[in-house]
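Only one structure is covered here, and it is reproduced in the block below.
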Amino acid sequence: MKTAYDINGPARGRTFDPQARMTEAQAEHLRALSERLGEPFDGSLSERQAARRIAALEEIAD
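Note that the working numbering numbers the sequence shown so that position 41 is 905, with each residue one more than the last.
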């Protein structure tokens, strides 16, 4: 499953503000993936870090 947060998908080339915290949508998706896979959830990630973490967890989930 791929989402808009997949850095190799639709969000590729997007400019991320390095200071911006992850969005609520990212946090919800990341929390759900983390729980499903038994991985730790880090709520302090930046928007870019969250996009990368989501992509990595989706790779594991597939």
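Here a beta-carbon is modelled for each residue, glycine too, at the ideal position from N, C-alpha and C.
Along the chain, where does the alpha helix (DSSP H) that runs through residue i open and close?
i: E922; result: E911 to A925
i: R895; result: E888 to L901
Thinking just about the alpha-carbon of each residue, which of the options is nearest to the one in residue i?
i: F880; options: I918, I924, D926 and S910; result: S910
i: T887; options: A914, A920, D926 and L921; result: A914
i: S882; options: R912, E903 and L921; result: Reading off the sequence shown, one finds Pro at residue 882, where the question assumed Ser. P882 has its Cα closest to that of R912, out of R912, E903 and L921.
Whole-angstrom Cβ separation of residue i and residue j, contact assumed at under 8 Å?
i: L901; j: I924; result: 6 Å
Taking the straight line between their C-alpha atoms, what separation do you get for residue i and residue j?
i: G907; j: A896; result: 12 Å
i: Y869; j: R916; result: Its pLDDT being 44, under 50, Y869 is placed unreliably in this model, and the value from its coordinates should be taken loosely. The alpha-carbon atoms of Y869 and R916 are separated by roughly 8 Å.
i: A884; j: E922; result: 22 Å
i: A920; j: F905; result: 13 Å
i: Q890; j: D926; result: 18 Å
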